[in-house]
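The structure appears below as C-alpha cells.
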Amino acid sequence: MALRRMPLLLLVLASLISLAAFNAIPDQGLHPLAWMASLLPLQLAALLWGLSRQR
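Those letters in the sequence shown? Residues 170 to 224, per my numbering, in order.
Set out below in C-alpha cells:
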C-alpha cells in the first residue's frame, strides 16, 4: 500500500519544490527561463506519476 502512494507523495513534494523555486524568482522581472526551470520538478514528477498509473 505504501509503494502505491509513493508516486503521489513524489508529486506533492515536487509541487512544493516548484512553488518554492517560483517564489524565489525576483519581483523585478519574470524571466521565462526561470519560470520554466521552476516548473521542471513538477513536470518530471507528473511524468513519473503518469507512468506509474499506466501499469
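For every residue, glycine included, the Cβ atom is placed at its ideal position computed from N, Cα and C.
Item: Considering Gln212, what are the terminal residues of the alpha helix (DSSP H) in which it resides?; Value: Pro201 to Gln223
Item: Should Leu199 be labelled buried (16 or more other beta-carbon atoms within 10 Å of its own) or exposed?; Value: exposed
Item: Pick helix, strand or coil for Pro195, following the three-state DSSP scheme.; Value: coil
Item: With burial defined as no fewer than 16 other Cβ atoms inside 10 Å of the residue's Cβ, what is the status of Met201: buried or exposed?; Value: Position check: residue 201 holds Pro in this sequence, whereas Met was assumed. When all chains shown are included, Pro201 counts as exposed.
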